[in-house]
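J.:
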Amino acid sequence: MGKRKETSTIVVHCSATKPEQLVDFETIKRWHLMERAFIDIGYHWVIERDGSVKQGRPIDDWGAHVKGHNHESVGICLVGGLDSDCHPVDNFTEMQKRMLKFLVGGCLQLWPEAVVKGHYHLNKDKECPSFDIEDWLAQEGFVEEVSE
Ligand SMILES: [Zn+2]
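The opening position of the sequence shown corresponds to residue 409 in this note's numbering, with each subsequent residue numbered one higher.
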C-alpha cells in the first residue's frame, strides 16, 4: 500500500454485472470491503451507468485491481459488461464511454508515458472489460492510424 513510484499502465475494467442490476460505486466498494477485506475500493475510479465518475483510491496510491501490476497502474471500472445470461458484452452507455475517454485523456496528460490496457491484457483468464481496448483507442483517436 501507499504511494506508487511509477504509473506505466492505465487499466480498464468492468464490474461484470448486468445493466439491470443496481450497481454503483457504493455497491462495488461494499463488495471490496466485505468480500475481499480491502481497506478501500480497489479501483481509482468507477464510471456508473449514467456516466457519473466516482473517485475511489487517491490517484497516486496503490490500487488493488490487477494482480502483479498494482504498483505501476491506475484502475478505472465501468459498471456493466454482462448480458442477462452472464456473458461478457459491450453494453456500456454512451455517457460511460464518453467519460472513459475524458478520464483516459486526463490520465495520459498526467502520465504521458503510460499505456492503456484492458484487464484481459494482463490476465489471460479475464475478458474484463468486455470490449476491445485497441479498437476503442483507435476509434477515440488515442492511437495513430497505421498507414499502408
Ligand atoms: Zn477487471
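Note that beta-carbon positions come from the ideal geometry of N, C-alpha and C, so glycine has one too.
As the structure is a computational prediction, the values presented were derived from the model and not from experiment.
Assuming L508 contacts L530 (C-beta within less than 8 angstroms), just tell me the rounded distance between them.
T.: Wrong, their Cβ atoms sit about 18 angstroms apart, outside the cutoff.
J.: Tell me whether K534, by its Cβ, gets closer than 7 angstroms to a heavy atom of ligand 1.
T.: Yes.
J.: Pop quiz: D491 and K426 are said to be a contact at Cβ under 8 angstroms. What is the actual Cβ separation, rounded to whole angstroms?
T.: Confirmed, about 7 angstroms.
J.: Let me know if I418 comes out buried or exposed under the rule of 16 or more other beta-carbons within 10 Å of its beta-carbon.
T.: Answer is buried; the Cβ neighbour count reaches 16.
J.: Closer than 8 angstroms is the cut-off here; do at least three beta carbon pairs connect the segment 491-500 with the segment 432-447?
T.: At 8 angstroms Cβ cutoff, the stretches do not touch.
J.: Since I455 and V461 should fall inside the 8 angstroms C-beta cutoff, what is the C-beta to C-beta distance between them, to a whole number of angstroms?
T.: Correct: roughly 5 angstroms between the Cβ atoms.
J.: Suppose you measure from the CA of T415 to the CA of W519; what does that come to, to the nearest Å?
T.: About 7 angstroms.
J.: Report the residue from K475, G464, G459 and C422 whose alpha carbon sits nearest the alpha carbon of L441.
T.: That would be G464, whose Cα lies nearest to the Cα of L441.
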